[in-house]
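**Student:** Here the numbering used here is used: the first residue of the sequence shown is 80, the next is one more, and so on.
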Amino acid sequence: MPFYNFPFVRLGSFEFDPSPHHSISLFLGLCCLTLFHRYSTSSLTLNHPPHSLYFLMGGHQSKIEGDALQSAVGRTVAAIKDYADFRRIISSGKYVVVDFWAHNCAPCHQIAPVFEKHSKSFPHAEFYKVNVDDHPKIADEAKIKTMPTFVIFKDGKKKAQLKGADPSGLLTLLQKYTQPDA
80 MPFYNFPFVR LGSFEFDPSP HHSISLFLGL CCLTLFHRYS TSSLTLNHPP HSLYFLMGGH
140 QSKIEGDALQ SAVGRTVAAI KDYADFRRII SSGKYVVVDF WAHNCAPCHQ IAPVFEKHSK
200 SFPHAEFYKV NVDDHPKIAD EAKIKTMPTF VIFKDGKKKA QLKGADPSGL LTLLQKYTQP
260 DA
């Protein structure tokens, strides 16, 4: 009897009344899970855990290794708390990307998810945001006049900046200035 002729399939606590198309998807999914389980529990995998991960975004590829692999998975954009925090962060010796934004700036809110997504794909940089209304001293020091503005700092110095909500421009900026050899 073909698989799709069963009146329902019980998987754990799920009951599923498959059509022929759903049956094929379910069957392929179970095969993939079985293969994944077989290879993920093999002695080869257990003795040699993965040491690197590749993120692919558009034409961009970024390899993450070692400690960066652990931190990139749950990475988010952090808010800078005050001026002292800002000075400490940009002087850390790492590539620091800061999104200067404002509450009443619609383009700032539109590009925020793109910035968040990039924070997970560029492991050699740290990503922060500064609300210019709440922190005018920081905005003045960075010479921010337009929102959003994205600034890359390294060793306390401004390396590059992008004005406006330009997703492709932001990606280009990050690719150019936040790689290990940049």
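Positions of the beta carbon are idealized from the N, C-alpha and C atoms, including for glycine. None of the values given here were measured: they were computed from a predicted structure.
For Val211 versus Phe179, is the C-beta distance shorter than 8 Å?
**Tutor:** In this structure, Phe179 lies closer than 8 Å to Val211 by Cβ.
**Student:** Cβ of Val156 within 8 Å of Cβ of Glu195?
**Tutor:** Taking 8 Å as the Cβ cut-off, Val156 and Glu195 qualify as a contacting pair.
**Student:** Buried or exposed: which applies to Gly137, given that a residue is buried once 16 or more other Cβ atoms fall within 10 Å of its Cβ?
**Tutor:** With a pLDDT of only 41 at Gly137, under 50, the local geometry of the prediction cannot be trusted, and the value read off the model is given with reservation. The residue in question, Gly137, is exposed, as its Cβ has fewer than 16 Cβ neighbours within 10 Å.
**Student:** Measuring only the C-alpha atoms, how far is Cys184 from Pro227?
**Tutor:** Spanning the two alpha carbons is a distance of roughly 8 Å.
**Student:** In the DSSP assignment, the alpha helix (DSSP H) including Asp178 goes from what residue to what residue?
**Tutor:** Careful: Asp178 lies outside any alpha helix (DSSP H), inside the beta strand (DSSP E) at Tyr174 to Trp180.
**Student:** Please report the distance separating the alpha-carbon of Cys187 from that of Lys255.
**Tutor:** The alpha-carbon atoms of Cys187 and Lys255 are separated by roughly 22 Å.
**Student:** Candidates Asp234, Ala239, Phe206 and Leu252: which alpha carbon is nearest Val222's?
**Tutor:** Looking at the sequence provided, one finds Lys at residue 222 rather than Val. Selected option, being the one with the closest Cα: Ala239.
**Student:** If we count the other Cβ atoms within 10 Å of its Cβ and call it buried at 16 or more, is Tyr162 buried or exposed?
**Tutor:** Answer is exposed; the Cβ neighbour count stays below 16.
**Student:** Please list, in chain order, all residues of the same chain as Gly248 whose beta carbon is under 6 Å from its beta carbon, the five residues on each side excluded.
**Tutor:** Excluding positions up to five away in sequence, the list reads Leu241.
**Student:** Which residue or residues does DSSP assign as beta-bridge partners of Lys233?
**Tutor:** Paired residue(s): Lys236.
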